[in-house]
Amino acid sequence: MSDEMDEIWELYADDGAQALDAMEMALEALQAGEGDQAEHIGALFRAVHTFKGNSRVLGLSTVESRAHLSEDLIGLVRDEGAELTEEIIDVLIESGDILRGMLDETAVSRADVAPEPSEHLMDRLRAVIAVCKGEEPPAAAASDAPAEEKAEETPESVAEADDESEAEAEAPAAAPAANDAMFAAMASLNDLPEPSGDRDDDDFFDDDHGDRSEEELAEPEPAPEPEPEPEPAPEPEKTEAAAEDAGGEEADSGLTRLLDDPVYLKIFTDMVVSTIDDLSLIRDVADGEELPEGAFPKASSLCYACEQLDLTEWVETLQAFEAKKSEGGTLSDLGGLIESLQKLKAADLGGDEPEPEPEAEEADTAPAGSNDTLVSLINDLEEVFEDINQLTARMEAGQAVEAQEFNDLSDKAVKVVTPYEFIRVTEAAMGFADSHKLKDFRSVELKFYEELASVEGVLNKGGLPEDLMLPSQRLKNWCSEHIFDTLRDLRIGLDSGHKGSGSTWFPEFEQLMRRAFNASAYYEIETASQLTMALVDLFARTRVSSQSPDVILIQMARGFVDTMELVFDALTQGDTPDIAKIEALFEEAANVSFLASGVVTARSIEQKLGLPKEFHRVLSPESVKSAQSCIDNGLHFFILTCDLNEDDKLAENFLDWISSGKAKMITNVTVFVDDKTIFDFLIAAPMTEDIVAEAVSHLDPSGKKLTLKMALEVVEEAAPVAAAETAASAEDAQIFASGAMTENLKLLEAVGEISAAQSMIGAMLHKASTRDLLYEVQTKMAEAGLPELPLRARGVLRGVFEEYLTEIQAINEAEAQLSSQLSQLQEESVSMRSRPAEVILRPMQTFVSTEARKLGSSAQFSYVGGECSLDQLVLEEVRGLLKLAISDRLRAKEPPSKFFLAIDREEDRVRVEITDNGKECALSDDFKAASHELTRRKGVMRFVTLPNGGVRLMLEVPLHTIVLEGMVVKIGDVRYVLPIESIQRIHQGSKTVPIKAAGNRRMLVVDDNDYVPIRVLSSARTQVHSSGQQLYVIVRNNASRMAIPVDELLGQQLVLLRPLRGVLSMVPDVTGVAILSGGEIGMVVSVSRIEAAA
Amino acid sequence: MAYKVMVVDDAAMMRLYISSFLNSLPDFKMVAQASNGQEALDKLSDLPDLDLILLDIEMPVMDGLEFLRHAKLKTRAKICMLSSVTVSGSPLAAKARELGADGVVAKPSGTVSHDLEEKTGDELRSVMRSLVAA
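Have a look at this one:
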């Protein structure tokens, strides 16, 4: 309906502007005395008349009354021989100016203007008209006189005033119903000729009540514009004038041309659909066989429109039904009418139903009299609303509320709503009895409003009293006022990770999201509303599957909270919010199920197959996966249209066929033909088009119920689409591309794993390439008591071994090259995960100002170091800690008004300092907990009071992320991680001794009588130096100790341990790989394995 | 005592598949079916003890979303959307949540999903049970 009204108001604005332009031109010509004066006066009359008519049908009674009086004045000149004086031209110029101002205002506000500012124009027009008529000018105050008194002054005006009143009674108010929209649309072409010669232009819109029901005619009249208006002058040229206005010859073609215009065709079609729906609902809710009265006005309104369109068959059908009113019609009559209208609709308006859209629920299917029910319900609840407000206020003030008072409120609410039989409203009302805490009470209150809003959504037909506070409005008002609290609570919930069963966290999550939804609705941010519910849907599905939401969902929801905070912040400050990120998130939400299933998005498949757009909405991850598999297997794709509902046998055979393996169904979509459902099936098959066509005709020899609609061609090159899908805007990718972040982490780990394996292979190759094989052969032969090899044999063997070692060397060099390339890949993957700190610091400015404002103060935030590049996980952590610390500071008794942040990255940590000008404050429990956790991980988080005033937060976050605390050492080119808990000490020395009892293994002499066996890591490319200072890490496993020679100590880190898999798990001494700060890979040493190997 | 279910879907084959699926669940019983929202609305008054409605969206005469709006005023039965257009996070799934759908499940292979039980059976079963238990 809103689309139609948009069109109508646009028509009104365009036509009105043209009419006033014509009025202005005519007046200029008259003023200049140029050309044919009569022609100018005629044009002037038509222009004002058109403007008046358009204003009337849109219910702009004030505008219309000003135009009407101007028209009357021109009529006196045109038809009564009144002299066109300068005063008349002058007052009409003023009238034109005022009407143009009114047009501008009403086109925007879509409501009538206030009458007061233009009262002087009315007085002036009346005075001039009186002079023209030779009467005494009326007193200026006359406009304030009651209508009855005015009617006495000019009896003729009574009739017109009645006409006007009726017109206003019929004209739409703020939100015209479908029929009104139709009338208004037709009226906007008020230049059309009348179907009957004795009607004037006004009659076209508001007369012919013979077709209207008595109920409508009996409706109380709204107070007419309280001015006595002179009797309109006869308009002998009216038909001709109207024809001219209609565009000359075109107008002669008759009213039925209206339906040639697609806009009017759609309006009329919608009106018919709406009427049929209304009548159906009236039939469905009726008790007994008696026909409800409400059906007749509906039929009458449609009949009226049909008459205007010369739709004789429609008129006869509807009039026949109206005739039943006096005869006492039955529900069967109504059923017959509905059926007839559906047939006429199919025959005259085409059968295609509009594609169902999300806004389909906006269709006007409210029961007759529903507005009255709604108004009655809301009015009945007035006292309940008052009680709710009072109880809330008392609880907010910390006052005690007795349990009985909650019971009383619940009883009262239930008593009011029960007669209306809206089950869920009644149940919501019962909830008041059990909600004794403010938070619970508030939840029940909002639930109550939500249920009432659902009722309102069904019953509200528009045009309700303006002072009626609707439940939806209560809901939106409250939610918009508390949106920042809502977002804060959402963030707290998300930070807790929503662990465990969904039944524990989902209800609160949903409730908060619904509040965000209503706040978005308050500001009419449609995309935000949709995104909110899309997230509810995504989280609800994880709840049902008893899973915790994954990191992608949590990150998406965090992105939502952050973005909404900025959006609402802008809105509350009167700025225009940037909703591009909301739109991006909404798209991400729609695609998340595809990402989670590891398949390309629906769009990619649509592009590859060139699918008709109706398939877009039914492509699920499963069907996309299936389609992709069929593409990979080189199958052909076809769309078959099938009427499954009408022929069970065909349906069975067809479904057997597509399940048999001969063809594979990818998906199918509903296609409506009238009220009949048929289906388009997307199938894949190895057969060519002609074979499929043959199979189809075999299944349905009639060729009527199953047809091959089209063969699709697979376009393999969909790279641009894929690129477009992955190339989210840089800023979006920075914070919100959580999926990409997870993928990058996996990629990095995979690279690291390969890198570690490659290092081990390198070490083994190096070891192999440095062996003296000839020496080893000779030694083994000597040990076995074999004779020494002859010189020539040694020469031959040496040659073979050298060739072999040359090959090994070549492999070693290739490995070195591979190592270099892997290092580069590793750097690139690290780089992919990094973002400038700017991405968290810029939004922090808004966070600070918003948070301060919520707490009743104001604060600014500035920073340096935004270019500092950090891993996304670190950025996430820093952001959370900063928000926590700043929130604490802003809650100080004397909070800061300025924050200055400096951020810098060091080798193993990111260092942040925030200096502010506030006073010292107590630390919150959250801050203490975060500080404790950070300290445990060798980080820092503490406040320092500055000697010259102000406070500084010292924050140091380790650059590495997770689990294992280890000592990173370097042996040769490879980094190793030794678990810190197994390190006994570091020792540098040269004193070692061989122990014969241990196979001449060397022992490190640590102290005079302390010997520790030396263990060289089997994959390490190092040798224990026989002389000189050597660095050892002495590790302990249970009672055993070992001294591991290393080249360099790189320091302690917390590292993410990744176990080695497959053949790599056989690598001795090593338990896994770890990503180190800076992205390098370290091999994690297993002390127990070393000991076991020993 | 099995939970009473009404199936609303304009595809006769789909109603058959859903019926077969429900027959495999001892705790659910299909007591009514309808081929569009209007027909379902007409039947609601005769089913005061209905526990669950499995509801398609794209239907002639009255679609599922419109039915949802009206039905929520009339019945205590939980309403679970079961439609090809309610893929997770999609605009229509969001719309259904907005209008108060108690559960939302997507058909796996379009309007007529012959593989409903195979591909979505576990999810649908789980949703249905969680709704009636709530």
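First to last, the protein sequences are chains A and B.
Going by UniProt numbering, the first residue of the first sequence is number 1, and it counts up by one from there.
Going by UniProt numbering, the first residue of the second sequence is number 1, and it counts up by one from there.
Ideal Cβ placement from N, Cα and C applies to all residues, glycine included.
In this text, all values refer to a predicted model and were calculated from it rather than measured experimentally.
> With a Cβ-Cβ cutoff of 9 Å, do V839(A) and L875(A) count as a contact?
Replying inline: yes
> Can you list the beta strand (DSSP E) stretches of 3 or more residues lying completely in the region 620-695 of chain A, in chain order?
Replying inline: 636-642, 664-673 and 676-685
>> Can you confirm whether the region 326-337 of chain A touches the region 415-425 of chain A when touching is taken to mean that 3 or more C-beta pairs between the two stretches lie within less than 8 Å?
In response: no
> Can you tell which of A67(A), G328(A), R66(A) and G75(A) has its C-alpha closest to the C-alpha of G42(A)?
Replying inline: G75(A)
> Within 9 Å (strictly less), CB to CB, does I423(A) reach chain B?
Replying inline: Yes - at least one Cβ of chain B is within 9 Å of the one on I423(A).
>> For A885(A) and H766(A), I'd like the C-alpha separation in whole angstroms.
In response: 52 Å
> If contact means a Cβ-Cβ distance below 9 Å, which residues of the region 613-630 of chain A contact chain B?
Replying inline: F615, R617, V618, L619, S620, P621, E622, S623 and S626
>> I want to verify the contact list: residues of chain B whose CB lies under 8 Å from the CB of Q607(A), in sequence order.
In response: Per Cβ cutoff of 8 Å: no residues; Q607(A) is ~18 Å from chain B at best.
> Tell me which same chain residues have a C-beta within less than 8 Å of the C-beta of Y1011(A), skipping the five on either side of it?
Replying inline: V993, I995, M1003, L1004 and V1005
> F899(A) by DSSP, collapsed to three states: which one?
Replying inline: F899(A) sits in a strand when the DSSP states are folded into three classes.
> From this set, G81(A), A13(A) and G96(A), which residue's C-alpha is nearest G134(A)'s C-alpha?
Replying inline: G81(A)
> Which of helix, strand or coil does DSSP assign to L311(A)?
Replying inline: coil
> Cβ of E382(A) within 9 Å of Cβ of L391(A)?
Replying inline: In this structure, E382(A) sits away from L391(A), with a CB-CB distance that is not shorter than 9 Å.
> In three-state DSSP terms, what is V113(A)?
Replying inline: coil
>> Can you tell me whether A43(A) sits near the ligand FMN, meaning its C-beta is under 8 Å from at least one heavy atom of the ligand?
In response: No copy of the ligand FMN occurs in the structure displayed, which carries no ligand at all.
> Can you name the start and end residues of the alpha helix (DSSP H) that M844(A) belongs to?
Replying inline: E838 to K854
>> Between D270(A) and chain E, is any beta-carbon pair separated by less than 9 Å?
In response: Note that chain E does not occur in the displayed structure, where the protein chains are A and B.
> Does any CB atom of chain B fall closer than 9 Å to the CB of L644(A)?
Replying inline: yes
> For the putative contact between V536(A) and R69(B), defined by C-beta atoms under 8 Å, what is the C-beta separation to the nearest angstrom?
Replying inline: That pair is no contact at about 18 Å.
>> Just to make sure I have the definition right: I need the residues of chain A whose C-beta is within less than 8 Å of the C-beta of A11(B). Which are they?
In response: L644, N645, T670, T677 and F679
> CA-CA distance, L494(A) and N1038(A)?
Replying inline: 42 Å
> Helix, strand or coil for A930(A) per DSSP?
Replying inline: helix
>> Check whether the region 570-579 of chain A and the region 606-617 of chain A touch, using three or more Cβ-Cβ pairs below 8 Å as the test.
In response: no
> Measuring CA to CA, which of Q758(A), Q1030(A) and G972(A) is closest to I986(A)?
Replying inline: Q1030(A)
> Could you check where the beta strand (DSSP E) with P958(A) kicks off and where it finishes?
Replying inline: V951 to P958
> On the three-state DSSP scale, how would you describe Y523(A)?
Replying inline: In the structure shown, Y523(A) sits in coil (DSSP, three-state: anything other than H, G, I, E or B).
> Three or more beta-carbon pairs under 8 Å between the region 506-514 of chain A and the region 476-490 of chain A, yes or no?
Replying inline: Touching, yes.
>> Distance check for Q821(A) and E117(B), CA to CA, integer angstroms please.
In response: Between E117(B) and Q821(A), the C-alpha separation is close to 49 Å.
> Can a CB atom of chain B be found closer than 9 Å to the CB of S326(A)?
Replying inline: No, its Cβ sits nowhere closer than 9 Å to a Cβ of chain B.
> For G89(B), which residues in chain A fall below 8 Å Cβ to Cβ?
Replying inline: A534, L535, D537, L538, A589, A590, N591, V592 and S593
> Do you know offhand how far S857(A)'s Cα is from Q845(A)'s?
Replying inline: The straight-line gap from Cα to Cα measures roughly 15 Å.
> Closest to A1074(A) by CA distance: which of E776(A), G989(A) and G966(A) is it?
Replying inline: G966(A)
>> Using CA atoms only, rank isn't needed, just tell me which of S70(A), G96(A) and A1043(A) is closest to A127(A).
In response: S70(A)
>> Determine whether the beta carbon atoms of S496(A) and Y522(A) lie at a separation below 9 Å.
In response: No.
> chain B beta carbons: is any one of them nearer than 9 Å to that of D284(A)?
Replying inline: yes
> Hey, is V5(B)'s beta-carbon within less than 9 Å of any beta-carbon in chain A?
Replying inline: With 9 Å as the cut-off, V5(B) does not count as an interface residue toward chain A.
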